Structures are given as C-alpha cells and as structure tokens.
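Peer 1:
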Amino acid sequence: MSSFSIIASLAEDHFQCSICLNVFSDPVTTPCGHNFCKTCLSEHWDNSELCQCPTCNKRFYMRPEISTNTVIEEISVQIKRRKSVTFDQATAGCGLRVTQFGNLRCYKPASPSSSDDILDERFDFPMILGKKGFTSGRHYWEVQVGLRSNWDVGVAKETVNRTGRVSLKKENGFFAIGKRGFDYQAHCTPFTALHLCPRPKYVGVYLDYEEGLVSFYNLTAQSHIYSFTECPFRDELFPYFSPHVKQDDKNGDPLIISAVKQCEQVKAGPSAAIFPHPSTGKADSRTVEILT
Numbered sequence: 023m024s025s026f027s028i029i030a031s032l033a034e035d036h037f038q039c040s041i042c043l044n045v046f047s048d049p050v051t052t053p054c055g056h057n058f059c060k061t062c063l064s065e066h067w068d069n070s071e072l073c074q075c076p077t078c079n080k081r082f083y084m085r086p087e088i089s090t091n092t093v094i095e096e097i098s099v100q101i102k103r104r105k106s107v108t109f110d111q112a113t114a115g116c117g118l119r120v121t122q123f124g125n126l127r128c129y130k131p132a133s134p135s136s137s138d139d140i141l142d143e144r145f146d147f148p149m150i151l152g153k154k155g156f157t158s159g160r161h162y163w164e165v166q167v168g169l170r171s172n173w174d175v176g177v178a179k180e181t182v183n184r185t186g187r188v189s190l191k192k193e194n195g196f197f198a199i200g201k202r203g204f205d206y207q208a209h210c211t212p213f214t215a216l217h218l219c220p221r222p223k224y225v226g227v228y229l230d231y232e233e234g235l236v237s238f239y240n241l242t243a244q245s246h247i248y249s250f251t252e253c254p255f256r257d258e259l260f261p262y263f264s265p266h267v268k269q270d271d272k273n274g275d276p277l278i279i280s281a282v283k284q285c286e287q288v289k290a291g292p293s294a295a296i297f298p299h300p301s302t303g304k305a306d307s308r309t310v311e312i313l314t
C-alpha cells in the first residue's frame, strides 16, 4: 500500500459512522464524545430498549439532546477536486532534492562548485516551497509528521528571504507552526506555545486567501491547532515545508505530504475550517526524507 493510501484510510476512519460504516451524514456527537450520523443514531435508539452509546455502551437515563457537529459535517461533505502536490526544485535548500518519484530528500551538501549552490531561489537551510502558488481561493493539504522531533509546515510568500538563517515570522512572509523536540509553537511575534494532546501525527493546513486565513488542524485529535487571521494577502502564497536535519538517530521520520485540494466555496471560521475528506482512490504523495 502506498504512503498516501495509508494516510487516506486512516483519515477515512476518523470520519466514518460506526453504525452504517459510511462517511458521516448530518453528524452528531453523544455526551460521551462519539460521532454518528444523526439518522443512524436516532434509529438505533428507536429500536433499542436502552438509550446508550453504540460505541462504548455508556447508558443515558434520558435521551440526550443532540445537534449537528458542524466541524465534522464540514469534514464529511466537502469532497475536493484533487491536485498533486509538486515541489519547486529551484527552492530546495541545504541539500533537499526532489527525485523523479516525487521523494524529497536531504543529503550531504554537494561541492561548492555544484550548480545547486548558485541558484538564487534556493534556501540556505533545509526548507522548500510547493511549486504551485495561490493568489485566490480556498486550499487544503495534509502533512504526516509522524514522530519526527523537528519540523515546520505552513504557507510562505514567494518573496521570503532565502539566504542565511531565516526567521519564520508573519512579518517576514511565513505563516507556519513547528515542533522543536517535545514543544510545539506558532511562528508569530512573540512565539506562541501550543499545547497539543494527543501529539499530532497528521497536520492539516487550510488556506483561505480572500479571508486572509491560514489554519492548522490536529487530525489525530480532530481539533483546531492555531490560525493566522486577518492577513491582508496580496502576494502569491506557496505551501511551505521544512524537515530540519537528522541528528544522530533522531528526527529520522519522513514528512509525507498528501495532495492539495481546492475547497468548494463554503465559508468557514478559523476554528471550524473545511476539512476535505480524502479519497481512497489513486493519488500522489510527496515525502521529505533525511539521508545519513
């Protein structure tokens, strides 16, 4: 099974009703925290002597009042038109390369005379931009960060500085979050510590150009992480990734980036953005991997 197929199957399980085994339709959440289609849950309770959760069997002495879970509903109903994520080889910094299979790798630096070193577009550090930029619309992609100890993901302007040590701040054209060891942070001024539980293995990135919004989601917990809001975008924006470097046996897990999806024109707030439901059909993925 391909890396993307694994991601897609895991994501689908998150948004699947355990009664009908289909993607949620009009999803509701029980007081014990489990999600079901509203019709499925109502019919289950109508046909049962006891009013209890179909998943954990927690008993409710009175039938709970349930309402639609709008975040899960957006996840379930927004099936996006899929586009492949491709990386801009010209921006791959500090030994990052894109192979013919789309695998993005960090290798030992080449000799100073290498043509790779004289491309002005490149970053001096292990960072890379997506090849396709955005000047309008709503877009969403997912990154499998796994157990990697250091990483950054987000959005960057085409005009960001690429030489020397880059400061990932909003003022410098970066809208990103990252992990350093066991700590998570939003790259804003000042840095904002993020307390994420459980630790995300998959991160969703949502860009709404017209709204000036970049939001991040913990797909492991199905929760909102952080949003950059009221950003007056005028420049072309690109997906941004950094796997950092491998240190001894640490930070060795790859970053796996799924396909970009262009969202339907449905307005979503910063903490209730559109999660597209990934298709389990054939699709491309991109991997950031560190070579020793």
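For the sequence shown, my numbering gives the first residue as 23, with consecutive numbering after it. By construction, the Cβ of each residue, glycine as well, lies at the ideal position given by its N, Cα and C atoms. Note that the structure is a prediction, hence the values are computed from the model and not measured.
Leaving aside the five residues before and after C62 along the sequence, list all residues of the same chain whose C-beta is less than 7 Å from its C-beta, in chain order.
Peer 2: Along the sequence shown, read from residue 1 onward, the residue named residue 62 stands at position 40. Taken in chain order, the residues that qualify are C39, I41, C42.
Peer 1: Give the range of the beta strand (DSSP E) segment to which T61 is assigned.
Peer 2: For the purposes of this step, residue 61 is taken as the residue at position 39 of the sequence shown. Not the beta strand (DSSP E): T61 falls in the alpha helix (DSSP H), residues 60–68.
Peer 1: Might you give, ordered along the chain, the residues of its own chain that have their beta carbon closer than 6 Å to the beta carbon of A329, omitting 5 neighbours on each side?
Peer 2: Summary: the structure shown does not reach residue 329, with the chain confined to residues 23 through 314, and so no result is reported for it.
Peer 1: Mind checking whether V167 and P222 have CB atoms under 8 Å apart?
Peer 2: As a position in the sequence shown, residue 167 is number 145, starting the count at 1. As a position in the sequence shown, residue 222 is number 200, starting the count at 1. Cβ distance < 8 Å, so V167 and P222 count as in contact.
Peer 1: Verify whether the separation of the beta carbon atoms of S171 and K201 is less than 8 Å.
Peer 2: Within the sequence shown, the letter at position 149 stands for residue 171. Within the sequence shown, the letter at position 179 stands for residue 201. Yes, these two residues count as a Cβ contact at 8 Å.
Peer 1: Is any heavy atom of the ligand SAM found at a distance shorter than 7 Å from the C-beta of I41?
Peer 2: The model on display carries no ligand, and the ligand SAM is accordingly not part of it.
Peer 1: Taking the beta strand (DSSP E) that D230 falls in, what are its first and last residues?
Peer 2: On the sequence shown, position 208 is the one that residue 230 refers to. Looking at the DSSP string, the run of the beta strand (DSSP E) that includes D230 is 224–230.
Peer 1: Could you tell me which residues DSSP puts in a beta bridge with H217?
Peer 2: Reading the sequence shown from its first residue, position 195 is the one you call residue 217. In the DSSP output, where bridge partners are listed per residue, H217 has none listed.
Peer 1: Output the distance between the C-alpha atoms of K153 and F260, rounded to the nearest integer angstrom.
Peer 2: Translated into the one-based positions of the sequence shown, residue 153 becomes position 131. Translated into the one-based positions of the sequence shown, residue 260 becomes position 238. Each residue's Cα considered, the two are about 7 Å apart.
Peer 1: Assuming the contact rule is C-beta atoms closer than 8 Å, V236 and F197 should be a hit. Round their C-beta distance to whole Å, please.
Peer 2: Within the sequence shown, the letter at position 214 stands for residue 236. Within the sequence shown, the letter at position 175 stands for residue 197. Contact holds; Cβ gap of about 4 Å.
Peer 1: Rounded to a whole number of angstroms, what is the C-alpha to C-alpha distance between A178 and A208?
Peer 2: Here the question's residue 178 lines up with position 156 in the sequence shown. Here the question's residue 208 lines up with position 186 in the sequence shown. Each residue's alpha carbon lies about 14 Å from the other.
Peer 1: Buried or exposed: which applies to E232, given that a residue is buried once 16 or more other Cβ atoms fall within 10 Å of its Cβ?
Peer 2: Stepping through the sequence shown from its first residue, residue 232 is reached at position 210. Exposed: under 16 other Cβ atoms inside 10 Å.
Peer 1: Decide if Y262 is buried, meaning its Cβ has at least 16 other Cβ atoms within 10 Å, or exposed.
Peer 2: For this step, residue 262 is matched to residue 240 along the sequence shown. The residue in question, Y262, is buried, as its Cβ has 16 or more Cβ neighbours within 10 Å.
Peer 1: How big is the Cα-Cα spacing for H266 and R160?
Peer 2: For the purposes of this step, residue 266 is taken as residue 244 along the sequence shown, with counting starting at 1. For the purposes of this step, residue 160 is taken as residue 138 along the sequence shown, with counting starting at 1. Approximately 28 Å between the Cα atoms of the pair.
Peer 1: At what residues does the beta strand (DSSP E) containing S249 begin and finish?
Peer 2: Position 227 of the sequence shown, counted from the first residue, corresponds to residue 249. Per DSSP, S249 belongs to the beta strand (DSSP E) from 245–250.
Peer 1: Give the DSSP-derived three-state secondary structure of F37 in the structure shown.
Peer 2: On the sequence shown, residue 37 is found 15 positions in, with the first residue counted as 1. Correct three-state label for F37: coil.
Peer 1: Can you tell me whether DSSP reads C80 as helix, strand or coil?
Peer 2: Here residue 80 is taken as the residue at index 58 of the sequence shown, counted from 1. First, the amino acid is wrong: residue 80 is Lys here, not Cys. K80 falls in the coil class under three-state DSSP.
Peer 1: Below 7 Å CB to CB, which residues in the same chain sit around F213 once its five sequence neighbours on both sides are set aside?
Peer 2: Your numbering for residue 213 matches position 191 in the sequence shown. Counting only Cβ-Cβ distances below 7 Å, and skipping sequence neighbours, we find Q207.
Peer 1: Exposed or buried, which one is M84 when buried takes at least 16 other CB atoms within 10 Å?
Peer 2: Here residue 84 is taken as the residue at index 62 of the sequence shown, counted from 1. Classification of M84: exposed, given that the 10 Å Cβ count is below 16.
Peer 1: Mind checking who F156 pairs with in its DSSP beta bridge?
Peer 2: For the purposes of this step, residue 156 is taken as the residue at position 134 of the sequence shown. According to DSSP, F156 bridges with L259.
Peer 1: In the DSSP assignment, the beta strand (DSSP E) including K179 goes from what residue to what residue?
Peer 2: The residue given as residue 179 occupies position 157 in the sequence shown. Taken as a continuous stretch (DSSP letters only), the beta strand (DSSP E) holding K179 covers 172–179.
Peer 1: Cα-Cα, which of L151, C54, D230, S189 is closest to T157?
Peer 2: Looking up residue 157 in the sequence shown gives position 135. The shortest C-alpha separation from T157 is found at D230.
Peer 1: Helix, strand or coil for I150? Go by DSSP, reduced to three states.
Peer 2: The residue labelled residue 150 in the question sits at position 128 within the sequence shown. It is a strand residue.
Peer 1: Consult DSSP for T92 and reduce its assignment to one of helix, strand or coil.
Peer 2: The count along the sequence shown starts at 1 and reaches residue 92 at position 70. T92 falls in the helix class under three-state DSSP.
Peer 1: Alpha carbon to alpha carbon, what distance is there between I199 and G176?
Peer 2: Position 154 of the sequence shown, counting from 1, holds the residue named residue 176. Position 177 of the sequence shown, counting from 1, holds the residue named residue 199. Their Cα atoms are separated by approximately 6 Å.
Peer 1: Can you check whether the C-beta of L43 is within less than 8 Å of a C-beta belonging to chain B?
Peer 2: Although the question refers to chain B, the structure presented lacks it and comprises just one protein chain.
Peer 1: Apart from the five residues on each side of it in sequence, which residues of its chain come closer than 7 Å, Cβ to Cβ, to I247?
Peer 2: Along the sequence shown, one-based indexing puts residue 247 at 225. Cβ within range, chain order: I199, L216, L218, F238, Y239, N240.
Peer 1: Are the CB atoms of G226 and Y162 within a distance shorter than 8 Å?
Peer 2: Position 140 of the sequence shown, counting from 1, holds the residue named residue 162. Position 204 of the sequence shown, counting from 1, holds the residue named residue 226. Result yes, Cβ atoms of Y162 and G226 sit closer than 8 Å.
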